[in-house]
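The structure appears below as structure tokens.
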Amino acid sequence: MVWLLTDSISLPKIDNGSAKANHHYKDKIISGLPRDERWLSIFDCYQYQGFWYYPGHLEGVMSAQEHFVANPTDVIISNAPKTGSTWIKALTFAIATRSKYNSSNSPLLTSLPHYCMPALEVISSLKFPITQSLEIPLFATHIPYDSLPKSVLSSRCKIIYICREPKDVLVSLWYHMKRHARKDKASLSLQEAFELFCEGVSVFGPYWDHILGYWKASMESPQRILFLKYEDLKKDAHFYVQKIADFMGYPFSLNEEKKGAVQEIVDLCSFENLSNLEVNKTGKHHVSGSNIVDNSAFFRKGEVGDWKNHLTPEMAERIDKITEQKLGRFGLEFDTAAKK
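Written as structure tokens, this is what we have:
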């Protein structure tokens, strides 16, 4: 795994013996955790601290909790899978690097946005302490709030969290998981994925619990955690790019605004632009181990409300009820409720 901005990360020499021992130790812990294989993926899911993970992800989470040391100047980009990861990474990277790059020479034109910043659960799986001194200190993660490394919570670094309407997340997740289906078995039907999702069994899920952890934290510390909804960004990307930039500490000057710098970033990072780049149509993304996926897998539709083309009214109503039960009493709701 190579990140565009990690050449200044200081990596101490690794003791291969210690690393192997640490790996076997974590493997032993993981093997004793609750397991679920019903997604029929190439990996089973394991439950740890109330959430479900693939083994590679989980080992990275455990290593992040043990080794990652955050700085107060870091910005952590967090979300559950299939909620706008690619888009928010592209936006934050473009915002933070606009003094160096523009829409004609940005690394986003030749690299998948996931390569523009290291992921905590990947970089920490190197299994030794990491001292980061990134020129642009951006990190990404899918780790739930209560499972974040203690240093992230104690350092007071900033966190940007994006969530998405649960029904759209289910549909997007189902399509994505079909790409990871075991070759010796038929892929999961939408009905089967729906039941698992409602049950709370999904990668980095339960999805509602993932949202709630960050929502509560953002209510308690709004100056430290910016909570965003995918649907809001789709409605007014220009406004939210400015809001994100202000929060990150990279505000646009009046002169930049007059010259159209905000709109330039909106256009550069749009689904239409990124999905049509050659690198994202034909490139490959190394996830972990031997798990490699097409870059195009991260660009399916990018629409709000696509669930209406897939879910029955009964399925939509059930998810809406769970959303209301889990999130409604905490003042969090989504605009795209099921149509009766």
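Residues 1 to 340, numbered by the UniProt record's numbering, are exactly what the sequence shown covers, in order.
Cβ atoms here follow ideal geometry from the backbone N, Cα and C, with glycine treated the same way.
### Query
Between the beta-carbon of Y207 and the beta-carbon of G84, is there less than 8 Å?
Taking the first residue of the sequence shown as position 1, residue 207 is located at position 207. Taking the first residue of the sequence shown as position 1, residue 84 is located at position 84. The answer is no: Cβ separation not under 8 Å.
### Message
Assuming contact is defined by CB atoms lying nearer than 8 Å, are I95 and I88 in contact in what I supplied?
### Response
To locate residue 95, count along the sequence shown from 1; it is residue 95. To locate residue 88, count along the sequence shown from 1; it is residue 88. Their beta carbons are not under 8 Å apart, which means I95 does not touch I88 by this criterion.
### Query
Under a three-way DSSP split, which group does C198 fall into?
Locating residue 198 in the sequence shown gives position 198, counting from the first residue. Three-state result, C198: helix.
### Message
Mapping the DSSP letters down to three states, classify V203 as helix, strand or coil.
### Response
Translated into the one-based positions of the sequence shown, residue 203 becomes position 203. V203 falls in the strand class under three-state DSSP.
#### Entry: Coil, strand or helix - K229 by DSSP
For this step, residue 229 is matched to residue 229 along the sequence shown. Strand.
### Task
Give a yes or no on whether the C-beta atoms belonging to S103 and E264 are separated by under 8 Å.
Taking the sequence shown and counting its residues from 1, one reaches residue 103 at position 103. Taking the sequence shown and counting its residues from 1, one reaches residue 264 at position 264. Yes, Cβ-Cβ distance for S103 and E264 is below 8 Å.
### Query
Roughly how many whole angstroms lie between the Cα atoms of L170 and F194?
Along the sequence shown, read from residue 1 onward, the residue named residue 170 stands at position 170. Along the sequence shown, read from residue 1 onward, the residue named residue 194 stands at position 194. Taking the straight line joining both Cα atoms gives about 7 Å.
### Query
Can you list, in chain order, the residues of its chain whose CB lies under 8 Å from that of V201, leaving out five sequence neighbours each side?
Within the sequence shown, residue 201 is the residue found at index 201, counting from 1. Excluding residues within five positions, the ones whose Cβ falls inside 8 Å are D36, R38, W39, C45 and W52.
#### Entry: L254, buried or exposed, once every other Cβ within 10 Å from all chains shown has been counted against 16
Here the question's residue 254 lines up with position 254 in the sequence shown. When all chains shown are included, L254 counts as exposed.
### Message
Please report the distance separating the alpha-carbon of K243 from that of V75.
### Response
Counting from 1 along the sequence shown, the entry for residue 243 is found at position 243. Counting from 1 along the sequence shown, the entry for residue 75 is found at position 75. Whole-angstrom Cα-Cα distance: 14 Å.
#### Entry: Where the beta strand (DSSP E) containing Y161 begins and where it ends
As a working note, residue 161 is residue 161 in the sequence shown. That run of the beta strand (DSSP E) goes K158 to C163.
### Assigned secondary structure, Q223 (DSSP; H/G/I helix, E/B strand, else coil)
As a first step, residue 223 must be located in the sequence shown, where it is residue number 223. Of the three classes helix, strand and coil, the one that applies to Q223 here is coil, per DSSP.
#### Entry: Contact check, R224 vs R156, beta carbons under 8 Å
Position 224 of the sequence shown, counting from 1, holds the residue named residue 224. Position 156 of the sequence shown, counting from 1, holds the residue named residue 156. Going by C-beta atoms, R224 is nearer than 8 Å to R156.
### Message
Taking only three categories from DSSP, how would you classify A140?
### Response
By 1-based counting over the sequence shown, the position of residue 140 is 140. Looking at A140 - three-state DSSP - the assignment turns out to be strand.
#### Entry: F252 beta carbon less than 8 Å from that of A245
Taking the first residue of the sequence shown as 1, we reach residue 245 at position 245. Taking the first residue of the sequence shown as 1, we reach residue 252 at position 252. Contact: yes.
### Task
Check the DSSP bridge columns for R329 and list the partner residues they point to.
Walking along the sequence shown from the start, residue 329 turns up at place 329. For R329, which the question treats as bridged, DSSP gives no partner whatsoever.
### Task
Assign M117 to one of two classes, buried (16 or more other C-beta atoms within 10 Å of its C-beta) or exposed (fewer than that).
Sequence index remark: in the sequence shown, residue 117 carries index 117 (1-based). Label assigned to M117: buried.
### Task
Have a look at P313, F334, R329 and F139 and flag the residue whose alpha-carbon is nearest the alpha-carbon of V304.
To locate residue 304, count along the sequence shown from 1; it is residue 304. V304 has its Cα closest to that of F334, out of P313, F334, R329 and F139.
### Query
Thinking C-alpha only, which one of L190, K308 and C163 is nearest H176?
Within the sequence shown, numbered from 1, the residue matching residue 176 stands at position 176. Per the Cα distances, L190.
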